[in-house]
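Enquirer: Residue numbering for the sequence shown follows our numbering, starting at 60 and increasing by one per position.
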Amino acid sequence: MIDALPGRDTAMAPHHYTLHAATPAGPAGPPPWQQLPVAAEGTGRDPGTAARLPGLA
(Lines of atoms letter the chains of each structure in order from A and count residues from 1; the text may use other names and numbers.)
(Lines give C-alpha, C1' and ligand atoms only; values in the text may rest on other atoms or scores of the structure.)
Protein backbone atom coordinates (compact mmCIF):
# COMPACT_ATOMS: atom_id res chain seq x y z
CA MET A 1 0.00 0.00 0.00
CA ILE A 2 2.72 2.48 0.88
CA ASP A 3 4.25 2.04 -2.60
CA ALA A 4 1.03 3.52 -4.02
CA LEU A 5 1.51 6.71 -1.97
CA PRO A 6 4.46 8.58 -3.52
CA GLY A 7 6.38 10.66 -0.99
CA ARG A 8 4.75 8.89 1.97
CA ASP A 9 6.29 6.29 4.26
CA THR A 10 3.28 5.63 6.53
CA ALA A 11 -0.48 5.10 6.27
CA MET A 12 -3.24 5.22 8.87
CA ALA A 13 -6.50 3.27 9.05
CA PRO A 14 -9.70 4.81 10.39
CA HIS A 15 -10.25 4.57 14.15
CA HIS A 16 -13.98 3.87 13.77
CA TYR A 17 -15.96 1.93 11.19
CA THR A 18 -19.71 1.85 10.53
CA LEU A 19 -21.31 -0.99 8.55
CA HIS A 20 -24.67 -0.55 6.84
CA ALA A 21 -26.86 -3.35 5.43
CA ALA A 22 -27.63 -1.26 2.33
CA THR A 23 -26.17 1.58 0.30
CA PRO A 24 -27.81 4.96 -0.29
CA ALA A 25 -29.57 5.59 -3.58
CA GLY A 26 -28.01 8.27 -5.75
CA PRO A 27 -24.87 10.26 -5.00
CA ALA A 28 -23.34 9.38 -1.66
CA GLY A 29 -21.96 11.76 0.89
CA PRO A 30 -22.21 11.83 4.66
CA PRO A 31 -25.94 12.82 4.89
CA PRO A 32 -27.34 9.84 2.89
CA TRP A 33 -25.17 7.35 4.83
CA GLN A 34 -26.17 8.90 8.16
CA GLN A 35 -29.84 8.24 7.38
CA LEU A 36 -29.34 4.47 6.89
CA PRO A 37 -29.73 1.97 9.75
CA VAL A 38 -26.39 0.87 11.21
CA ALA A 39 -25.76 -2.91 11.11
CA ALA A 40 -22.60 -2.74 13.24
CA GLU A 41 -19.94 -0.28 14.28
CA GLY A 42 -16.67 -0.33 16.13
CA THR A 43 -12.91 -0.17 15.82
CA GLY A 44 -12.69 -2.74 13.05
CA ARG A 45 -10.31 -4.76 15.15
CA ASP A 46 -12.92 -7.23 16.48
CA PRO A 47 -12.67 -10.40 14.36
CA GLY A 48 -16.08 -11.53 15.66
CA THR A 49 -17.90 -8.65 13.95
CA ALA A 50 -17.61 -10.09 10.43
CA ALA A 51 -18.59 -13.55 11.70
CA ARG A 52 -21.86 -12.14 13.13
CA LEU A 53 -22.93 -10.43 9.89
CA PRO A 54 -24.07 -12.58 6.94
CA GLY A 55 -22.24 -11.81 3.72
CA LEU A 56 -19.15 -10.36 5.42
CA ALA A 57 -17.56 -13.54 6.74
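Just so you know, even glycine gets a beta-carbon here, dropped at the ideal spot from N, CA and C.
As the structure is a prediction and not an experimental result, all values here were calculated from the model.
(1) For H74, which residues from the same chain have a beta carbon less than 8 Å from its beta carbon, with the 5 sequence-adjacent residues on both sides left out?
(2) Could you check the C-alpha separation between A116 and A110 for me, to the nearest Å?
(3) Considering only residues of the same chain and omitting the five flanking positions on each side of P139, which have a CB-CB separation below 8 Å?
(4) Say yes only if the C-beta of A110 is nearer than 8 Å to one or more non-hydrogen atoms of the ligand GDP, and no if none qualify.
(5) The beta strand (DSSP E) that contains G101, what's its start and end?
Expert: This is what the structure gives:
(1) By one-based count along the sequence shown, residue 74 stands at place 15. Here the set comprises T102.
(2) Looking up residue 116 in the sequence shown gives position 57. Looking up residue 110 in the sequence shown gives position 51. Bear in mind that the predicted position of A116 carries a pLDDT of just 49, short of 50, making it too unreliable to give a figure here.
(3) Since the displayed the chain opens at 60 and closes at 116, residue 139 lies outside it and no answer follows.
(4) Although the ligand GDP was asked about, the structure shown includes no ligands whatsoever.
(5) Taking the first residue of the sequence shown as position 1, residue 101 is located at position 42. Counting along the chain, the beta strand (DSSP E) containing G101 begins and ends at 97 to 101.
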